[in-house]
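Chemist: Below you'll find the structure I mean.
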Amino acid sequence: MGMLALNRLVSLQSDRPRRQQGGVSGRRLTASRTGKRKGLPCQQDDDGDDSQAGKIRRTAIKELPEDILFRIHSLMPMREAARAACASRAFLHSWRYHPNLIFDKDTIGFPFLHSWRYHSGLIFNNNAIGSEESVSGEKVHHKIDCILREHKGSLKTFKLDYAQMNGLDDFSYLDSWLQIALKPGLEELTFMLSASMSQTTGKYNFPCPLSGAKRTYNFPCALLSDRVGISLQCLRLGLCVLHRTVELGPLRSLTRLYLCHLSITWNELERLLSNSLALELLDLTSCNEIKCLKLSSALQRLKGLHIFVCQSLRLIESKAPNLSSLYFRSGCCRLDFSLVETWQMKKLYLVQSNVIYDARTKLPPVLPNIETLYIESQREVVDAPMLPTKFLYLKHLTIILRLGPDGSGAYDYFSLVSFLDASPSLETLTLDVTQRRMVHESIFVDSQLRHMPGHHHGHLKSVKISGFSSAKCLIELTCYILKNTVSLECLTLDTICGHRCYDEGGDDWCVPMADPILMETPRTLSAIRTYIENKVPSTVKLTVLEPCNKCHGKRLERLLSLSRNVISI
Numbered sequence: 000m001g002m003l004a005l006n007r008l009v010s011l012q013s014d015r016p017r018r019q020q021g022g023v024s025g026r027r028l029t030a031s032r033t034g035k036r037k038g039l040p041c042q043q044d045d046d047g048d049d050s051q052a053g054k055i056r057r058t059a060i061k062e063l064p065e066d067i068l069f070r071i072h073s074l075m076p077m078r079e080a081a082r083a084a085c086a087s088r089a090f091l092h093s094w095r096y097h098p099n100l101i102f103d104k105d106t107i108g109f110p111f112l113h114s115w116r117y118h119s120g121l122i123f124n125n126n127a128i129g130s131e132e133s134v135s136g137e138k139v140h141h142k143i144d145c146i147l148r149e150h151k152g153s154l155k156t157f158k159l160d161y162a163q164m165n166g167l168d169d170f171s172y173l174d175s176w177l178q179i180a181l182k183p184g185l186e187e188l189t190f191m192l193s194a195s196m197s198q199t200t201g202k203y204n205f206p207c208p209l210s211g212a213k214r215t216y217n218f219p220c221a222l223l224s225d226r227v228g229i230s231l232q233c234l235r236l237g238l239c240v241l242h243r244t245v246e247l248g249p250l251r252s253l254t255r256l257y258l259c260h261l262s263i264t265w266n267e268l269e270r271l272l273s274n275s276l277a278l279e280l281l282d283l284t285s286c287n288e289i290k291c292l293k294l295s296s297a298l299q300r301l302k303g304l305h306i307f308v309c310q311s312l313r314l315i316e317s318k319a320p321n322l323s324s325l326y327f328r329s330g331c332c333r334l335d336f337s338l339v340e341t342w343q344m345k346k347l348y349l350v351q352s353n354v355i356y357d358a359r360t361k362l363p364p365v366l367p368n369i370e371t372l373y374i375e376s377q378r379e380v381v382d383a384p385m386l387p388t389k390f391l392y393l394k395h396l397t398i399i400l401r402l403g404p405d406g407s408g409a410y411d412y413f414s415l416v417s418f419l420d421a422s423p424s425l426e427t428l429t430l431d432v433t434q435r436r437m438v439h440e441s442i443f444v445d446s447q448l449r450h451m452p453g454h455h456h457g458h459l460k461s462v463k464i465s466g467f468s469s470a471k472c473l474i475e476l477t478c479y480i481l482k483n484t485v486s487l488e489c490l491t492l493d494t495i496c497g498h499r500c501y502d503e504g505g506d507d508w509c510v511p512m513a514d515p516i517l518m519e520t521p522r523t524l525s526a527i528r529t530y531i532e533n534k535v536p537s538t539v540k541l542t543v544l545e546p547c548n549k550c551h552g553k554r555l556e557r558l559l560s561l562s563r564n565v566i567s568i
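Next comes the structure, spelled out in structure tokens:
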């Protein structure tokens, strides 16, 4: 809604006297605007002929029953709810009972913290204190404070998300805001402070630009169990300190817990988990003081565990009997599945070095019921081996290999046939290869294809290979799939890696491509025409995606032009 709407709303809240007849409260709500509109013959003026069909009955907002008015207002997003409160005294009254208060970069309209500016110090520096941005941060706090103090009743959702915003580094309001927000009935709480509030440089993997700032905010744990212990279902905490978990009581309804860049030790987290026995999802992101994670069998309902780059984590042990989904992006720790109850595991997402080899050699015996496997590696030193072990129930396999510039990327993609032969129930295969230069031998250098005794796959329907090139081992893998997959319906070969600008939920641009890989595109397209197209059965739809003209067209044309000029010289 922006600062303009906040200013207007706060001024209305402080305007106690009733306005004169004909003011805001006298405005009427209609199916369309009260004035005439051309092209709308059914809409008539109030003094028109009542006998004419299509007359619209106008109802004043104040004439609506209070419970209906409150219900309508409660269903509005906060931005629209605040605007409605600015336009109508009746909505201004119900605004004070609005069940969802969300203060983030979209509703506050405060400067967004771009990472490149953040790390280059162009926004935060010692001179920022007392600047105009700092003053505007004080104004934002004042507006939020007014809205909360005028609020009546209980909340269902309270979201204070300062992450990636600049200048909001005043702690003085926070205790009183939580006292207001944390009341019986609250179901969802998000409390994310600004990176400028973090304690020391590098404390939370966020270099603090306000060098010398030593302040932290200790979240008042006692308020959770004392006030919302029965109703709270979702808790998100970030960029603060959570050391006083000994003050916690039971959180009987808590099902989702997200901790991000939080200062908390394992002993403190263990107390929190022991009071959250209804927990279904635990998400830890960069909680760098946690050295071990031991989930007890008391967490009967825990189904999902997400761990994202907790740098000090060295040990994960789980006896949670119903854990079925694990997302693990490694910092330094390597997951030892012998310490994890894996019988019920259906979905596994692993991101760490050499994970492709580990997944093929170690996972089949310990994950007998796995159905979805996502593995991402930035470095592989050994190709996938052919083994007799099987993923009997694996249906969806995604392998992402992001090869760095150190030359470790001469990985034999043809060895991934090992995963296909080990997965008789496989239905979808996604392979995404990222590399900065062509390190593999091209099919045009050696066109003699290797062959491997294969098994006929009767369930594999969809295959997509992103980052496709003229690498001989990629051509061999594709030809193997076409020859041995009788159920195949769709084969997509994408010449760029990662997402595209038109992908749903993605950015407005394609993933950038290194110049050597972009220049490889014409040879890749030629390899597809020469070695793949004639092997595609009539029942299979082949889709070849060239580099996006909007994102890569001009650069590709320039590179090819330069290449032609060099050759002519």
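All residue numbers for the sequence shown refer to numbering that gives the first Met the number 0, where the first residue is 0 and numbers rise by one.
All C-beta atoms in this analysis are idealised placements derived from N, C-alpha and C, irrespective of residue type, glycine included.
For glutamate 187, which beta-bridge partners are listed by DSSP?
Modeler: According to DSSP, which records beta bridges pairwise, glutamate 187 is partnered with Thr156, Cys233.
Chemist: Between Phe170, Leu159, Gln178, which has its C-alpha nearest arginine 148's C-alpha?
Modeler: Answer by Cα proximity: Gln178.
Chemist: Return the first residue and the last residue of the beta strand (DSSP E) that valine 543 is part of.
Modeler: Run containing valine 543: 540-544, per the beta strand (DSSP E) assignment.
Chemist: Nearest to histidine 92 by alpha carbon, out of Glu137, Pro536, Lys151?
Modeler: Out of Glu137, Pro536, Lys151, Lys151 has the C-alpha closest to the C-alpha of histidine 92.
Chemist: By the three-class DSSP mapping on this structure, what secondary structure does serine 323 have?
Modeler: Looking at serine 323 - three-state DSSP - the assignment turns out to be coil, as it is neither helix nor strand.
Chemist: Among the residues of its own chain, which have a CB less than 6 Å from the CB of threonine 292, if the five just before and after it don't count?
Modeler: First, the residue type needs correcting, since residue 292 is leucine and not threonine in the sequence shown. Contacts found: Ile315.
Chemist: In this structure, how does DSSP classify tyrosine 410 when only helix, strand and coil are distinguished?
Modeler: Tyrosine 410 falls in the coil class under three-state DSSP.
Chemist: Should the region 471-484 be called in touch with the region 509-516, which here means at least 3 C-beta pairs below 8 Å?
Modeler: They do not touch, by the three-pair rule.
Chemist: Within its chain, find whatever has a CB closer than 7 Å to the CB of lysine 471; leave out the 5 residues flanking it on each side and keep chain order.
Modeler: For lysine 471, where only same-chain residues beyond five positions count, the Cβ hits under 7 Å are His439, Glu440, Ser441, Ile442, Asp445.
Chemist: Closest by CA to tyrosine 501, which one among Leu459, Cys550, Ser273?
Modeler: Ranking the options by Cα distance to tyrosine 501, first place goes to Cys550.
Chemist: Is leucine 391 helix, strand or coil by DSSP?
Modeler: It is coil, neither helix nor strand.
Chemist: Going along the chain, which unbroken runs of the alpha helix (DSSP H) with 4 or more residues stay wholly within the region 456-507?
Modeler: DSSP runs (the alpha helix (DSSP H)) wholly in the region 456-507: 471-483.
Chemist: Hey, histidine 458 and glutamate 426: beta-carbon distance below 7 Å or not?
Modeler: Yes, the pair counts as a contact, with Cβ atoms nearer than the cut-off.
Chemist: Could you pull the start and end residues of the alpha helix (DSSP H) that serine 376 belongs to?
Modeler: That residue, serine 376, is in no alpha helix (DSSP H); its beta strand (DSSP E) goes 371-376.
Chemist: So the beta strand (DSSP E) isoleucine 306 belongs to, where does it begin and stop?
Modeler: Residues 303-307.
Chemist: For leucine 419 and arginine 499, what's the separation of their Cα atoms in angstroms?
Modeler: Spanning the two alpha carbons is a distance of roughly 27 Å.
Chemist: What does a CB cutoff of less than 6 Å around asparagine 217 pick up in its chain, not counting 5 residues either side in sequence?
Modeler: So the list reads Val240, once near-sequence residues are dropped.
Chemist: In chain order, what residues of the same chain have a beta carbon less than 7 Å from the beta carbon of tyrosine 479, not counting five sequence neighbours either side?
Modeler: The residues are Val416, Met451, Gly453.
Chemist: Sort out for me which residues DSSP pairs arginine 401 with in a bridge.
Modeler: DSSP, once it has assigned bridges, lists Thr433 as partnering arginine 401.
Chemist: Can you list, in chain order, the residues of its chain with a C-beta nearer than 6 Å to that of threonine 491? Leave out the 5 residues immediately preceding and following it.
Modeler: Excluding residues within five positions, the ones whose Cβ falls inside 6 Å are Lys463, Thr542.
Chemist: Expressed to the nearest angstrom, what Euclidean distance is found between the alpha-carbon atoms of cysteine 145 and leucine 278?
Modeler: In a straight line, the C-alpha of cysteine 145 is about 34 Å away from that of leucine 278.
Chemist: Alpha carbons only, please: which of Asp431, Cys259, Phe157 is nearest the one belonging to glutamine 232?
Modeler: Nearest of Asp431, Cys259, Phe157 to glutamine 232, Cα basis: Phe157.
Chemist: Are serine 324 and valine 339 close, meaning C-beta to C-beta below 7 Å?
Modeler: Contact flag unset, no.
Chemist: Kindly indicate which residue of Phe307, Phe390, Met75 has the alpha-carbon position closest to the one of leucine 366.
Modeler: Measuring from the Cα of leucine 366, the nearest candidate turns out to be Phe390.
Chemist: Taking the beta carbon of arginine 557 as the centre, do at least 16 other beta carbons fall within 10 Å, making it buried, or is it exposed?
Modeler: When all chains shown are included, arginine 557 counts as exposed.
Chemist: Would arginine 401 pass as a contact of glutamine 377 if the rule is Cβ separation under 7 Å?
Modeler: Yes, the pair counts as a contact, with Cβ atoms nearer than the cut-off.
Chemist: By the DSSP assignment, the beta strand (DSSP E) with leucine 223 in it spans what residues?
Modeler: Unbroken run through leucine 223 is the alpha helix (DSSP H), 220-227; no beta strand (DSSP E).
Chemist: To the nearest angstrom, how far is it from the Cα of phenylalanine 102 to the Cα of methionine 77?
Modeler: C-alpha separation (whole angstroms): 9 Å.
Chemist: Assuming serine 224 and leucine 250 are in contact, meaning their beta carbons sit under 8 Å apart, how far apart are those beta carbons, in whole angstroms?
Modeler: Confirmed, Cβ separation roughly 6 Å.
Chemist: Exposed or buried, which one is aspartate 507 when buried takes at least 16 other CB atoms within 10 Å?
Modeler: Exposed is the call here.
Chemist: Just confirm the distance between the C-beta atoms of leucine 253 and leucine 281, as a whole number of angstroms; I'd bet it's less than 8 Å.
Modeler: Not a contact, Cβ separation roughly 10 Å.
Chemist: Quick one: Cα of alanine 221 to Cα of cysteine 85, how far?
Modeler: Roughly 36 Å between the two C-alpha positions.
Chemist: Which residues in the same chain have their Cβ closer than 7 Å to the Cβ of tyrosine 356, if we skip the five residues on either side of it in sequence?
Modeler: These residues qualify, in order along the chain: Glu379, Val381, Ala383.
Chemist: Once the 5 residues before and after lysine 460 are set aside, which same chain residues still bring their CB inside 8 Å of it?
Modeler: Cβ within range, chain order: Glu426, Thr427, Ser486, Leu487, Glu488, Cys489.
Chemist: Give the single residue among Thr529, Gln351, Trp342 whose Cα lies nearest to the Cα of arginine 569.
Modeler: Within the shown structure, residues of the chain are numbered from 0 to 568, placing residue 569 beyond reach of any answer.
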